[in-house]
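Going by UniProt numbering, the residue at position 67 of the sequence shown is 67; the numbering climbs one at a time, nothing skipped.
Positions of the beta carbon are idealized from the N, C-alpha and C atoms, including for glycine.
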Amino acid sequence: MKKIVIFVSALLLSACGAADNDPGPGGVSVGEARALDEAAEMIEAKRLPAQQAGEAETAQAEDSQDSDGPPES
Numbered sequence: 001m002k003k004i005v006i007f008v009s010a011l012l013l014s015a016c017g018a019a020d021n022d023p024g025p026g027g028v029s030v031g032e033a034r035a036l037d038e039a040a041e042m043i044e045a046k047r048l049p050a051q052q053a054g055e056a057e058t059a060q061a062e063d064s065q066d067s068d069g070p071p072e073s
């Protein structure tokens with residue numbers, strides 16, 4: 001009898017928690033929400049600091065102006 005109670009208790013406890021296909025925040029599943037969070041963290045980790053980002057945008061603008069103009073002879 002004790003073994004059955006322990007087995008049933010373990011079985012019930014293993015069912016606790018959200019499954020990956022359970023509805024999560026924003027109408028996506030729990031697994032999708034986790035994947036979106038991980039992707040956002042990866043994007044944020046690759047972002048440049050504000051000063052470097054401004055310098056990169058300036059360099060890109062200069063490059064695009066050079067390619068738009070007439071060829072130099």
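| message | Looking at the secondary structure, which residues open and close the alpha helix (DSSP H) in which Asp37 lies? | response | 30-46
| query | Can you tell which of Lys2, Asn21, Arg47 has the C-alpha that lies nearest to the C-alpha of Ala33? | reply | Asn21
| request: Check whether the Cβ atoms of Ser14 and Pro23 sit closer than 9 Å, and answer yes or no. | output: no
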